[in-house]
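Report on one structure; see the data block that follows.
Numbering (the numbering used here), first residue to last: 457 to 724.
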């Protein structure tokens, strides 16, 4: 593929595997924006800039970059090359591996956009993170700590949470609503919030938001800086070669993965 004026062509070195990849493959997830099959799934990507459009000024050929391009439309990260707008990428910091970088974009952007941009989480507030052991949850805990918030990972006994981040879905979401103070916020990421949840939240004076993550190179620059400074920890659980992407999806769909799965696509 060739980049247009504001795009970069990235040779993929590593691609992160996310639950939305598997859901979209099954016709769920964001399949309505991706379009009918056949299509290549995947959004988390780390690689090397091979070419750039004439309007691109933020990267040079040879730069190591990472991003979550084009989401929720198809990006085709499980491939050797991707093209996307340059502002959807950030530089991989020196000392970080491509596998580490590929594990970050969707999880980091989801956590950041939920807690900081949507909930405006402040120092001293309490955030309940349901699903803290997963890829998004682990980064959400670190972001919340960096913001000076108090983090709870189990349901509270009283209505003390200013923000609750649901990364699991299912019936437990009603329990989360009951732990949020009046005027607080429920971030329903996993499955959204149905009418029953919204009605209960309204009764209790809880604001409900159902954010969908979007590409943001600037927010990824913040992640890169924290990674470079040694204050952000990644957790790559397993790696697979690209040809074993199906096995990675099988592992993901079994559940219980604490951390991230990453595909190794090419050489750095």
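The beta carbon of each residue, even a glycine, is placed where N, CA and C say it ideally should be. All of these numbers come straight from a predicted model, not from anything done at the bench.
Quick one: grab the DSSP three-state call for residue i.
i, result
"residue 465", "strand"
"residue 623", "coil"
"residue 638", "strand"
"residue 484", "coil"
"residue 511", "coil"
"residue 516", "coil"
"residue 496", "coil"
"residue 692", "strand"
"residue 707", "helix"
"residue 560", "coil"
"residue 673", "helix"
"residue 457", "coil"
"residue 714", "coil"
In whole angstroms, give me the CA-to-CA distance for residue i and residue j.
i, j, result
"residue 549", "residue 709", "31 Å"
"residue 542", "residue 659", "44 Å"
"residue 613", "residue 632", "10 Å"
"residue 521", "residue 661", "43 Å"
"residue 483", "residue 534", "17 Å"
"residue 640", "residue 574", "12 Å"
"residue 654", "residue 620", "14 Å"
"residue 403", "residue 586", "Coverage of the chain is limited to positions 457 through 724, which leaves residue 403 absent and any answer about it impossible."
"residue 487", "residue 526", "13 Å"
"residue 554", "residue 724", "7 Å"
"residue 560", "residue 675", "11 Å"
"residue 698", "residue 718", "9 Å"
"residue 524", "residue 558", "9 Å"
Among the candidates the options, whose CA atom is the shortest distance from the CA of residue i?
i, options, result
"residue 516", "724, 506, 523 and 567", "506"
"residue 706", "683, 634, 478 and 678", "478"
"residue 720", "473, 599, 489 and 562", "473"
"residue 502", "585, 545 and 567", "545"
"residue 609", "715, 582 and 627", "582"
"residue 537", "499, 560 and 556", "499"
"residue 461", "489, 511 and 469", "511"
"residue 670", "565, 532 and 635", "565"
"residue 531", "495, 605 and 627", "495"
"residue 592", "689, 540 and 651", "689"
"residue 492", "692, 673, 467 and 529", "529"
Can you find a C-beta in chain B that's less than 8 Å from the C-beta of residue i?
i, result
"residue 542", "The chain inventory of the structure shown lacks chain B, comprising one protein chain alone."
According to DSSP, which residues form a beta bridge with residue i?
i, result
"residue 538", "466"
"residue 720", "470 and 697"
"residue 454", "Outside the modelled stretch of the chain, which goes from 457 to 724, sits residue 454, for which no answer is possible."
"residue 543", "In DSSP, residue 543 forms no bridge with anything."
"residue 522", "502 and 546"
Taking only runs of the alpha helix (DSSP H) that begin and end inside the segment 566-618, which ones reach a length of at least 4 residues, in chain order? For the segment 566-618, whole alpha helix (DSSP H) runs of length 4 or above, ordered along the chain, are 591-602.
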